[in-house]
Amino acid sequence: MSPQVAGLLQLTALIAALALAYRPLGDYMARVYSSEKNYRAEKWIYKAVGANPAAEMRWPAYLRAVLAFSAVSVLFLYLMQRAQGSLPGSLGFSSIDPDQAFNTAASFVANTNWQSYYGEQAMGHVVQTGGLAVQNFLSAAVGMAVAVALVRGFARSRTGELGNFWADLVRGVVRILLPISVIGAIVLVACGAIQNFSGIHEVGQFMGGTQEWNGGAVASQEVIKELGTNGGGYFNANSSHPFENPNPLSNLFEIFLILLIPFALTRTFGRMVGSLKQGYAILGAMAVIWIGFTALMMWTEFAHRGPAFEIAGGAMEGKETRFGIAGSSIFAVATTLTSTGAVNSFHSSYTGFGGGITMLGMQLGEIAPGGVGSGLYGMLIMAIIAVFIAGLMVGRTPEYLGKKIGTRQIKLAACYILVTPALVLGFTAVAMALPTPADSMTNAGAHGFSEILYAYTSGANNNGSAFAGLNADTQWFNTTIGIAMLLGRFLPMVFVLALAGSLAEQKPVPETAGTLRTDKPLYAGLLVGTILIITGLTYFPALALGPLAEGLAS
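Going by the working numbering, the first residue of the sequence shown is number 19, and it counts up by one from there.
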């Protein structure tokens, strides 16, 4: 069997598994966020934090809860890292330096999981499991809560109430993320991932010296790392490490986990707004982009250019032989079109065009299918923009799901779209202009520029993957990428929740003969075109200086 055919079979099996899980999981999540019943364990949590799950919140209160909870999370994780040297289970590792502790705390709370440290050489068991793994659950649940609040904005009318953040947060963890993670961890252990609390031990000789590894609760952290589109690896090699991702079966299962909830949330959206066809239209747009990017990546990496590629069967540099080009390409697209950031290969070693595809996937806003929660609300923002453009074409006030899209809604959507590019391009420009940050680049020219552009693209879009080659463990990069991660996560949420509140206050607009049908393939095509055009106009000059220049020169 040729590698190309094997890759096609893997992709087919993945699509089939996602299709089987789509309806039951999407409907289940809709019931979770619509239910008025609270489980006993949830009641204990509400009592502990002093929250009333039945109290409805308007968007300012919902936003304050999101920001306050996230701020406390950043502080807690920062202090835990700074005190690591005094904590039990630290494996003898010292406390984390202030700039790196800030960067890591911001990273995991912002669902980015950018890592400028070697996990197996810096973090002990307590920080890994009690700090980083906990934030993997909580940051994912925050994203889902904000997405559900926006969906309620479309579904409700003549009220500014968007639900209760604390109820949405707790239910997301207890009823969705935790049960799937338990099952997923068992599957990963069965595939060969490790799960223990062993200390550091010597595993043999390596290049004239000894090699040491520490164990850890890897499988349980790996599953929520992928399921919650987090991406932070227990080990520095991330999902290319055999303890995290042992074989092709575990690799395909981890890709499935990455895509599972973001795709299924479109069904949840359709169910909650009372029109499954609307959910299918969003799903269709996401699927077209994802499949297109995957096919393009596989073609780029399989293309035979020169004797080395001919012998290897394609661009095998930086890829694990147990996954091959197909498994690596599918994983790379899945992780950069979502906000996961996990890697099973090194994107810096991809072909020039292949590296550009991973970058462009993040620059789309990670909406195909995107991060857990963030992918859905990002796609709905683009849906509003697409409706607005269509309205301009026919000369009538745009409407979406029975809500008029007026000046206020478009301003909020425009602000959402502009935040991330401003962070990415602004920080990249400053880093390239200053002398010190450029010293961290391993490569010169277009590839070196791509290293820095990728770093800020990954940070501001809350992805967390690294291009490799850039030494990001400096005060400059730890601080600036940390700021980019926080602003890139929470500023868009401000506009999303404000938009949700403005939509919930409206009364429904009856559908007429002139209303654009947003549940048809024509609209899904318009949505895909809008996404690609807006991203292309925004990032094309920067991409031309980096991956496009490198690809054309090779």
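For every residue, glycine included, the Cβ atom is placed at its ideal position computed from N, Cα and C.
Between the CA atoms of residue j and residue i - distance to the nearest angstrom
i	j	result
A484	F364	8 Å
M141	A235	12 Å
V169	F87	21 Å
V205	T454	46 Å
I428	Q213	48 Å
F616	G178	The chain is shown from 19 up to 572; residue 616 falls before or after that span and cannot be answered.
L180	G217	47 Å
M315	N70	48 Å
L544	F320	31 Å
E240	R82	31 Å
Q28	V514	36 Å
A34	S157	28 Å
A159	A571	44 Å
L278	I399	21 Å
V152	P528	45 Å
V144	T30	40 Å
S112	F215	18 Å
T369	I375	10 Å
E384	L85	22 Å
K55	F371	51 Å
W231	G202	24 Å
Q22	F311	16 Å
L355	G482	12 Å
Beta-carbon separation (whole angstroms), residue i vs residue j, contact threshold 8 Å
i	j	result
G444	G477	12 Å between Cβ atoms; not a contact.
N182	M290	That pair is no contact at about 15 Å.
F172	L394	Going by Cβ atoms, the distance from F172 to L394 rounds to 11 Å, so no, they are not a contact pair.
G292	A542	Rounded, the Cβ-Cβ distance is 19 Å, inconsistent with contact.
N129	I499	No, N129 and I499 are not in contact; Cβ-Cβ is about 14 Å, not under 8 Å.
L150	F126	6 Å
G251	H259	7 Å
T553	L382	5 Å
S346	G388	About 21 Å separates the two Cβ atoms, so there is no contact after all.
Secondary structure of residue i, DSSP reduced to three states
i	result
W62	helix
Y80	helix
E220	strand
Y418	strand
Q296	helix
N121	helix
N269	helix
S366	helix
T358	coil
E179	strand
W132	coil
E319	helix
I146	Reading off the sequence shown, one finds Gln at residue 146, where the question assumed Ile. In this structure, Q146 counts as helix in the three-state DSSP scheme.
T533	coil
T228	strand
R174	coil
S258	helix
N263	coil
M411	helix
P71	coil
K525	coil
P387	coil
L97	helix
M162	helix
Bounding residues of the alpha helix (DSSP H) (the contiguous stretch that carries residue i)
i	result
D115	Looking at the DSSP string, D115 is not in any alpha helix (DSSP H), and its letter there is neither H nor E.
A341	It is worth fixing the name first, because residue 341 is Phe in this sequence and not Ala. Here F341 belongs to no alpha helix (DSSP H), and DSSP marks it neither H nor E.
A453	The sequence given here has Pro at residue 453, not Ala. P453 -> alpha helix (DSSP H) spans 453-456.
Y46	21-52
S238	236-245
R189	183-189
Y57	Here Y57 belongs to no alpha helix (DSSP H), and DSSP marks it neither H nor E.
G466	463-478
A502	493-522
V546	539-563
E138	137-140
G202	196-209
Worksheet item: Does the segment 553-570 come within contact of the segment 466-473, defined as at least 3 CB pairs closer than 8 Å?
Response: yes
Worksheet item: Is there contact between the segment 262-279 and the segment 488-507, where contact requires at least three CB pairs shorter than 8 Å?
Response: no
Item to complete: Say whether the segment 527-535 touches the segment 399-412, bearing in mind that this needs 3 or more beta-carbon pairs closer than 8 Å, one atom from each stretch.
Response: yes
Worksheet item: Counting Cβ pairs closer than 8 Å, one from the segment 123-134 and one from the segment 492-501, do we hit at least three?
Response: yes
Discussion item. Using 8 Å as the cut-off, can you tell me whether the segment 184-196 makes contact with the segment 51-63, which would need three or more C-beta pairs spanning the two stretches below that distance?
Written reply: yes
Discussion item. With three or more beta-carbon pairs closer than 8 Å as the criterion, would you say the segment 32-48 touches the segment 280-287?
Written reply: yes
Practice prompt. Take every Cβ of the segment 187-207, pair it with every Cβ of the segment 103-121, and state whether three or more of those distances are shorter than 8 Å.
Written response: no
Worksheet entry | Cβ contact check for the segment 337-347 and the segment 394-403: 3 or more pairs under 8 Å | no
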